[in-house]
Amino acid sequence: MRHVTLSACASLVLLLGACSNGKATEAECAQFAAHFERLMAGGASPAEVDKTTRLAKDMAKDLQATCLSEGTAAEVRCALAADSMEALQRCGDAK
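With mature numbering (1 follows the signal peptide of the UniProt record, and there is no 0) applied, the sequence shown covers -24 to -1, 1 to 71.
Below, the structure is given as structure tokens:
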């Protein structure tokens, strides 16, 4: 889980760094951050749920800020369509 999470986060930084299809809006970035939290916490084992949820919330704040400064609407749409952390990571693999 930790390796997938770190890989996904690294991909998200790259994903949100590109410029195409217009800047993401504040509302889109907020949706993205909330979706990221749900995906990350949803993959945690029962013993790690609390810790993973806290980590996800902390990471989501940074991701939302990066999304606002560098993200595009197309990237956010891809991320929101992801149904797992692995699918979210694939959004960044398309580059």
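The C-beta atom is built at its ideal place from N, Cα and C for all residues, glycine as well.
Inter-residue spacing [alpha-carbon to alpha-carbon] between Ser60 and Ser45:
24 Å
So what's residue 77 in DSSP terms, helix, strand or just coil?
The question about residue 77 has no answer here: the residues shown for the chain are numbered -24 through 71.
Who are the Cβ neighbours of Val25 in its own chain at under 6 Å, not counting the five residues just before and after it?
none
Nearest neighbour of Ala(-1), chosen from Ala50, Leu15, Met35 [CA to CA]:
Ala50
Enclosing alpha helix (DSSP H) for Glu4 [first to last residue]
2 to 18
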